[in-house]
Amino acid sequence: MLAERGNIDFLVFECLAERTIALAQLEKLKDPARGFDPRLEERMEAVLVTCRQRAIRIVTNSGAANPHAGAGVIAGIARSRGLRGMKIAAVTGDDVLEHVRENAGDYKREYPELATIEDRIISANAYLGAAPIVQALDRGADIVITGRVADPALFLAPLVHAFRWPMDDWPLMGKGTLVGHLLECAGQLTGGYFADPPFCNVPEVADLGFPIAEVTADGSATFTKAPRTGGLLNVATCTQQLLYEVHDPHQYVTPDAVADFSAVQFSQVGPDRVRAAGAAGAQRPDRLKVVVAYLDGYIGEGQLSYAGPNALARAQLALEIVLQRLKRAGLSDHELRGELIGVNSVIQTADVTSSPAPQELRIRIAGRACNQRDAARIGDEVEALYTNGPAGGGGATKSVREVIALLPMLIPRDSASPRITIQET
Amino acid sequence: MKLHALAHARSGDKGDVCNISIIVHDASSYTTVASYLTAERVQKHFGSMISGPVQRHDLPHLGALNFVLHGALAGGVNRSLALDTHGKCFAALLLDIELPHGNAPVISSP
Chain A
2 MLAERGNIDF LVFECLAERT IALAQLEKLK DPARGFDPRL EERMEAVLVT
52 CRQRAIRIVT NSGAANPHAG AGVIAGIARS RGLRGMKIAA VTGDDVLEHV
102 RENAGDYKRE YPELATIEDR IISANAYLGA APIVQALDRG ADIVITGRVA
152 DPALFLAPLV HAFRWPMDDW PLMGKGTLVG HLLECAGQLT GGYFADPPFC
202 NVPEVADLGF PIAEVTADGS ATFTKAPRTG GLLNVATCTQ QLLYEVHDPH
252 QYVTPDAVAD FSAVQFSQVG PDRVRAAGAA GAQRPDRLKV VVAYLDGYIG
302 EGQLSYAGPN ALARAQLALE IVLQRLKRAG LSDHELRGEL IGVNSVIQTA
352 DVTSSPAPQE LRIRIAGRAC NQRDAARIGD EVEALYTNGP AGGGGATKSV
402 REVIALLPML IPRDSASPRI TIQET
Chain B
13 MKLHALAHAR SGDKGDVCNI SIIVHDASSY TTVASYLTAE RVQKHFGSMI
63 SGPVQRHDLP HLGALNFVLH GALAGGVNRS LALDTHGKCF AALLLDIELP
113 HGNAPVISSP
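These protein sequence lines are chains A and B, in that order.
Throughout, my numbering is defined as the position within the first sequence, counted from one, plus 1.
Throughout, my numbering is defined as the position within the second sequence, counted from one, plus 12.
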């Protein structure tokens with residue numbers, strides 16, 4: 002939709018959540034040709050021809066743990082569609098696992114936790130800044146695919162490239178970072194995650210249009226969305242997204258600048274058009290954030306529903322039975338959590354007895370275990386309630402998942418060496 | 013009256029920290045909300061659900077308060093045993109807080 006109707010110069014796909022790279026790394030270990038975002042092919046199949054026709058350049062972090070393989074896949078799709086002479090750049094160098102391992106002794110002084118997880122580490126990736134993407138665009142790349150890059154940098158890079166912004170102009174970097182921060186969650190700027198009818202109404206959420214930033218060389222930006230799409234773009238949606246995952250709005254730390262959003266102001270300049278002004282920035286930090294992902298045991302879970310008269314009492318008895326049996330089975334040292342979905346699973350402090358009797362509710366028991374067998378026991382005990390528990394439990398589900406936990410660290414900037422590889426179709 | 017009548021909100025996670033933005037529908041409610049909704053009250057509202065301190069950042073020109081809740085997510089999204097590991101529901105939970113008195117409810121339409 003953005004490619005077809007958006008009248009845009011750059012299309013950005015931000016696709017990596019915090020632990021996605023670790024999952025991709027595990028996939029790459031199984032198959033060296035994979036390890037990029039599993040939806041990369043689908044997305045590129047959808048936009049590549051249109052982007053080529055309209056001279057829209059693409060920037061994406063879909064490379065995850067394997068940007069080279071991702072670039073190869075894109076090249077294959079381009080060739081199969083007869084798109085010749087396309088330059089596809091892979092940005093690597095965010096993988097700093099070797100560096101972290103080699104210098105683990107030093108890092109343990111600042112991060113003592115490293116000692117206990119050292120033999121369980123899956124991946125360590127630095128959040129790179131915009132510079133390598135800018136270089137790839139300067140070298141004529143039509144598509145840039147990266148691994149871990151700070152999300153706003155994906156959007157800042159095309160601005161630096163197009164306007165020749167000096168990357169030590171901190172106020173400009175701050176303004177470009179604001180653009181990236183507002184765009185990076187896509188629909189969350191245009192009415193997604195906002196509707197609360199009738200207090201906050203959003204039209205046609207099912208056809209939510211994604212946001213577009215119109216940026217000028219001085220860094221001022223107007224936000225809009227593709228025509229004839231659903232959603233809503235106003236001062237309220239922009240204000241929510243401005244503060245999304247932000248702590249101190251004076252200091253939003255990225256590899257390219259410490260952006261200052263504290264004086265940002267929004268003005269509605271047309272239907273679904275909002276102008277943002279007032280972002281500032283200070284010098285970038287000397288160190289880069291790294292996320293170390295490691296294996297951290299298993300979480301087992303089971304759920305079962307109760308409904309009708311006295312459902313609450315039967316559900317509470319069910320919880321007691323399962324917890325008692327898990328303790329007897331030797332899982333008493335494990336972290337266990339029993340709760341009632343619909344009563345106190347989100348509001349842990351809810352007073353179960355004072356609420357009106359629920360018509361239906363669902364028990365949930367989750368627990369941490371060192372091995373898969375103990376984790377599976379939790380769901381099995383919930384399932385056993387079918388025949389051995391209180392009357393009328395229904396709809397048992399159980400699951401076991403391997404936990405990938407994260408340790409954030411800071412490393413010297415020059416410990417990561419970004420590299421660019423360009424292939425042409 | 014609940015805060016929900018005067019404001020909208022969004023929460024997000026970073027590690028074991030949850031932030032909640034509270035944004036008033038109408039600028040005239042800002043003083044009422046800002047004077048009642050102290051960091052201490054927010055901490056008390058969540059009670060044993062959070063272990064760490066709460067900080068508040070004020071953005072009066074946006075009609076917004078940004079609360080940063082430490083030790084709020086049972087170790088963070090990847091380790092937590094909770095159902096809502098991200099604390100995405102926290103924003104709505106804070107809108108449930110009862111205000112002593114104040115302005116009439118505001119309904120905003122696009």
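Every residue gets a Cβ at the ideal spot worked out from N, C-alpha and C, and that includes glycine.
Taking Cβ positions, are residue i and residue j nearer each other than 8 Å?
i	j	result
Val499 of chain A	Tyr299 of chain A	Any answer about residue 499 of chain A is impossible in this case: the structure gives chain A only from 2 up to 426.
Ala319 of chain A	Ile364 of chain A	yes
Leu106 of chain B	His57 of chain B	yes
Val236 of chain A	Val275 of chain A	yes
His162 of chain A	Asp139 of chain A	yes
Thr91 of chain A	Ile57 of chain A	A quick correction: the sequence has Ala, not Thr, at residue 91 of chain A. Result no, Cβ atoms of Ala91 of chain A and Ile57 of chain A do not sit closer than 8 Å.
Arg288 of chain A	Ala330 of chain A	no
Val48 of chain A	Leu84 of chain A	no
Leu408 of chain A	Leu115 of chain A	yes
Val450 of chain A	Glu19 of chain A	Since the first residue shown for chain A is 2 and the last is 426, residue 450 of chain A is missing from the structure and cannot be characterised.
Leu3 of chain A	Ile322 of chain A	no
Ile366 of chain A	Gly339 of chain A	yes
Leu81 of chain B	Ile62 of chain B	yes
Arg80 of chain A	Thr426 of chain A	yes
Gln241 of chain A	Arg91 of chain B	no
Leu17 of chain A	Asn67 of chain A	no
Ala151 of chain A	Thr255 of chain A	yes
Gly231 of chain A	Asp257 of chain A	no
Cys30 of chain B	Gly87 of chain B	no
Excluding the 5 residues preceding and the 5 following residue i in the sequence, name in chain order all residues of the same chain whose CB lies nearer than 8 Å to its CB.
i	result
His100 of chain A	Ala125, Ile412, Ser416, Ala417
Glu361 of chain A	Ser306, Tyr307, Ala308, Gly309, Ala312, Gly343
Ala51 of chain B	Pro65, Val66, Gln67, Arg68, Phe79
Asp261 of chain A	Gly175, Pro250, His251, Gln252, Tyr253, Ala280, Ala281, Gly282, Ala283
Leu234 of chain A	Leu190, Thr191, Gly192, Pro212, Phe224, Thr225, Lys226, Asp273, Arg274, Val275
Ile22 of chain A	Ala65, Ala66, Ser124, Asn126, Gly148, Arg149, Val292, Ala294
Tell me which same chain residues have a C-beta within less than 6 Å of the C-beta of residue i, skipping the five on either side of it?
i	result
Asp95 of chain A	Asn126, Ala127, Leu129, Gly148, Arg149
Leu296 of chain A	Arg121
Ser121 of chain B	Low per-residue confidence applies at Ser121 of chain B: pLDDT is 45, beneath 50, and the placement is therefore not dependable, though the value from the model is reported in the following sentence. Cβ neighbours of Ser121 of chain B beyond the five flanking positions: none.
Leu337 of chain A	Gly368
Ile118 of chain A	Tyr295
Phe164 of chain A	Ala218
Ala227 of chain A	Met2, Leu3, Arg6, Gly7, Gly210
Val13 of chain A	Val60, Leu155, Phe156
Gly64 of chain A	Phe37, Gly71, Ile146, Thr147, Gly148
Leu166 of chain A	Reading off the sequence shown, one finds Trp at residue 166 of chain A, where the question assumed Leu. Counting only Cβ-Cβ distances below 6 Å, and skipping sequence neighbours, we find Leu173.
Gln55 of chain B	Val66
Val422 of chain A	Val is not the amino acid found at residue 422 of chain A; the sequence shown has Thr there. Hits under 6 Å: Ala91.
Quick check: does the Cβ of residue i come within less than 7 Å of any heavy atom belonging to the ligand ZN?
i	result
Arg369 of chain A	Among the components modelled here there is no ligand, and therefore nothing to report on the ligand ZN.
Within the same chain, show all residues whose beta-carbon is closer than 7 Å to that of residue i, passing over the 5 residues directly before and after it, in chain order.
i	result
Val36 of chain B	Leu18, Ala19, Tyr42, Val45, Gly75
Gly59 of chain B	none
Ser221 of chain A	Ala278
Arg414 of chain A	Asp287, Arg288, Leu289
Glu28 of chain A	Arg35, Gly36
Ile9 of chain A	Leu3, Ile57, Ile213
Met410 of chain A	Tyr108, Tyr112, Val291, Val293
Gly141 of chain A	Lys88
Ala358 of chain A	Leu313
Under 8 Å between beta-carbons, which chain C residues line up against residue i? List them in chain order, please.
i	result
Lys26 of chain B	The chain labelled as chain C is not found among the protein chains of the depicted structure, namely A and B.
**Study point:** Selection of the region 52-82 of chain B by Cβ proximity to chain A, strictly under 7 Å
**Key:** If the cut-off is 7 Å between Cβ atoms, the region 52-82 of chain B has Gly59, Ser60, Met61, His69, Leu71, His73, Leu74, Ala76, Asn78, Val80 near chain A.
Practice item. Flag this pair as touching only if the region 64-81 of chain A and the region 39-54 of chain A have three or more C-beta atom pairs under 8 Å; answer yes or no. Key: yes
Check your understanding: Using a beta-carbon distance cut-off of less than 8 Å, what residues from the region 89-119 of chain B approach chain A?
Key -> Val89, Asn90, Arg91, Leu93, Ala94, Leu95, Asp96, Cys101, Leu105, Ile119
Review point. Taking any Cβ of chain A, which residues in the region 39-53 of chain B have a Cβ under 9 Å from it, in chain order?
Key: none
Point to revise | contact_flag[the region 181-196 of chain A, the region 132-146 of chain A] where n(CB pairs < 8 Å) is 3 or more | key: No, the region 181-196 of chain A does not touch the region 132-146 of chain A.
Practice item. Evaluate contact between the region 91-103 of chain B and the region 341-352 of chain A, counting only Cβ atoms and requiring at least three cross-stretch pairs below 8 Å. Key: yes
**Study point:** Secondary structure, alpha helix (DSSP H): runs of 4+ residues fully inside the region 150-181 of chain A
**Key:** 152-164
Check your understanding: Are the region 351-358 of chain A and the region 265-284 of chain A touching, with three or more C-beta to C-beta distances below 8 Å?
Key -> Contact between the region 351-358 of chain A and the region 265-284 of chain A is absent, because fewer than three Cβ pairs lie under 8 Å.
Exercise for review: Residues of the region 235-259 of chain A with a CB closer than 7 Å to any CB of chain B: list them in chain order, please.
Suggested key: Asn235, Ala237, Thr240, Gln241, Leu244, Tyr245, Glu246, Val247, His248, Asp249, Pro250
Point to revise | Residues within the region 3-22 of chain A neighbouring chain B, beta-carbon criterion of under 8 Å | key: Glu19, Arg20
Practice item. Evaluate the contact criterion for the region 246-255 of chain A versus the region 16-29 of chain B: three or more CB pairs, one atom per stretch, below 8 Å. Key: The region 246-255 of chain A, when compared against the region 16-29 of chain B, does touch it at the 8 Å Cβ threshold.
Check your understanding: Looking at C-beta atoms only, is the number of pairs between the region 389-399 of chain A and the region 258-271 of chain A that lie closer than 8 Å three or more?
Key -> no
**Study point:** Segments of 4+ residues assigned as alpha helix (DSSP H) that fall wholly inside the region 37-96 of chain A
**Key:** 41-54, 68-81
Practice item. Report the residues of the region 387-418 of chain A with a CB closer than 8 Å to any CB of chain B, ordered along the chain. Key: The region 387-418 of chain A vs chain B, Cβ under 8 Å: Val404, Ile405, Ala406, Leu407, Pro409.
Check your understanding: Relative to chain B, which residues along the region 343-371 of chain A have a C-beta separation below 8 Å, given in chain order?
Key -> Ser346, Val347, Ile348, Gln349, Thr350, Arg365, Ala367, Gly368, Arg369
**Study point:** Proximal residues, the region 26-37 of chain A versus chain B, C-beta separation under 8 Å
**Key:** none
Review point. Which parts of the region 66-99 of chain B are runs of the beta strand (DSSP E), unbroken and 3 residues or longer, counting only runs that do not cross its ends?
Key: 66-71, 76-81
Point to revise | Runs of beta strand (DSSP E) lying entirely within the region 215-292 of chain A, each at least 3 residues, in chain order | key: Taking 3 residues as the minimum length, the beta strand (DSSP E) runs contained wholly in the region 215-292 of chain A are 222-226, 259-261, 266-271, 274-278, 281-283, in order along the chain.
Point to revise | Every unbroken beta strand (DSSP E) inside the region 389-419 of chain A [3 residues or more] | key: 395-413
Practice item. Taking only runs that begin and end inside the region 343-381 of chain A, name each unbroken beta strand (DSSP E) of 3 or more residues, in chain order. Key: 361-370
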